[in-house]
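Participant:
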Amino acid sequence: MSNRLIIPLLSIALLVILAMNTLFIVKETERAVLLQFGRVVEADIQPGLHLKWPIVNEVRIFDARVLTVDARPERFLTVEKKGMIVDSFVKWRIADVGKYYTVTNGEESRAERLLAQRVNEGLRNAVAERSMQEVVSGERDQLMNELTSGLNGFTQESLGIEVVDVRVKRIDLPEQVSESVFSRMKAERDREAREHRSKGDEQAEIITADADRQRTILEAEAYRDSELLRGEGDAEAARIYAESFNKNPEFYAFVRSLNAYKETFKGREDVLLIDPESEFFRYLNDPRAGRQ
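In full-length UniProt numbering, the protein residues as written are 1 to 292.
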């Protein structure tokens, strides 16, 4: 490579190095401060392309989006001195870049640690002024809104941070308290179950008694109807028998005698002591007896 080519290449390399150390870009999602020998000379650099002096100036760029601090669950006491475990999180973003850098030295972890301490302190004070019912359901949203508003006044002034929202993810009772609460809930549910069971037994007794009563009524009505039908049948049979007997009395007398003989001499061991000339043997002694 000739000397004529080395000089232009070195010039280009120097220009690139100079541009890299002179120009910097701040994105739309970022905030930046310009330092001069460690001192802030420009606290809020807008997004775009900017210039700085090499070696003299330094640029610190931070994330300007909404960030989340997932606070560690803490134990708080309510106004009734009942403990509860509160798990919360905070949404925040940088509001004053210069103050944020001055207080935290631009360390996001330090900012989150300071913010988490303030959130825990605010939650502790807010929970201590309310009952468990109010914290869990009644005034939970109001508590979060008041806490967010109260924290904003402090964090913007002292940390340069805007608190967007504070929310409670979960509220649990301590283990020893949970066991007693669960035992009380179980006892209450057992009592309700016994009440429902006793009401069911009472209803079952009422239904069974009503069914027995209806069965008795139905059986009585069926027996009455059967007796009426049987009586009507017997009456009809007697009528038919009387009409038939009147048409040929001697024939039916003969048939009755045959049935009587059949029933009397049905078994071989049957013995009957009777006068052979009695009326019982009338048709045996004289087949024409009925014709006289």
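Backbone N, C-alpha and C define an ideal beta-carbon position, used for all residues, glycine too.
Going by alpha carbons, who is nearest to residue 173 out of 165, 223, 182, 256?
Facilitator: The shortest C-alpha separation from residue 173 is found at 182.
Participant: Expressed to the nearest angstrom, what Euclidean distance is found between the alpha-carbon atoms of residue 207 and residue 198?
Facilitator: Cα to Cα, residue 207 sits roughly 14 angstroms from residue 198.
Participant: Near residue 64, what residues of its chain come up, given a Cβ to Cβ distance below 7 angstroms and the 5 sequence neighbours on each side ignored?
Facilitator: Cβ neighbours of residue 64 beyond the five flanking positions: 29, 30, 31, 93, 94.
Participant: Give the DSSP-derived three-state secondary structure of residue 129 in the structure shown.
Facilitator: In this structure, residue 129 counts as coil in the three-state DSSP scheme.
Participant: List the endpoints of the continuous beta strand (DSSP E) containing residue 346.
Facilitator: One cannot answer for residue 346 here, as it falls past the ends of the chain, which runs 1 to 292.
Participant: What's the C-alpha gap between residue 47 and residue 82?
Facilitator: Distance between the alpha carbons of residue 47 and residue 82 is about 50 angstroms.
Participant: Between residue 22 and the rest of its own chain, which residues show a CB-CB distance below 8 angstroms, the 5 nearest in sequence each way excluded?
Facilitator: Correct list, in chain order: 51, 52, 53, 54.
Participant: Could you check where the beta strand (DSSP E) with residue 153 kicks off and where it finishes?
Facilitator: Taken as a continuous stretch (DSSP letters only), residue 153 belongs to no beta strand (DSSP E), being part of the alpha helix (DSSP H) at 140 to 158.
Participant: Excluding five sequence neighbours on each side, which residues of the same chain lie with their C-beta closer than 7 angstroms to the C-beta of residue 61?
Facilitator: Once the five neighbours on either side are set aside, the close Cβ partners of residue 61 are 26, 30, 32.
Participant: With residue 103 as the anchor, note down where its beta strand (DSSP E) starts and where it stops.
Facilitator: Premise fails: residue 103 lies in the alpha helix (DSSP H), 97 to 104, not in any beta strand (DSSP E).
Participant: Could you compute how far the alpha carbon of residue 219 sits from the alpha carbon of residue 234?
Facilitator: So the two alpha carbons sit approximately 22 angstroms from each other.
Participant: From this set, 241, 236, 34, 115, which residue's C-alpha is nearest residue 91's C-alpha?
Facilitator: The residue with the shortest Cα to Cα distance from residue 91 is 115.
Participant: Look at residue 102 and residue 41 and say whether their C-beta atoms are less than 8 angstroms apart.
Facilitator: The answer is no: Cβ separation not under 8 angstroms.
Participant: How close, in whole Å, do the beta carbons of residue 166 and residue 127 come, if the pair is a contact with beta carbons under 8 angstroms?
Facilitator: Contact doesn't hold; Cβ gap of about 13 angstroms is too wide.
Participant: Quick test of your reading: residue 123 and residue 97, contact by CB under 8 angstroms. State the CB separation rounded to the nearest angstrom.
Facilitator: Their Cβ separation, rounded to whole angstroms, is 28 angstroms, which puts residue 123 and residue 97 out of contact at 8 angstroms.
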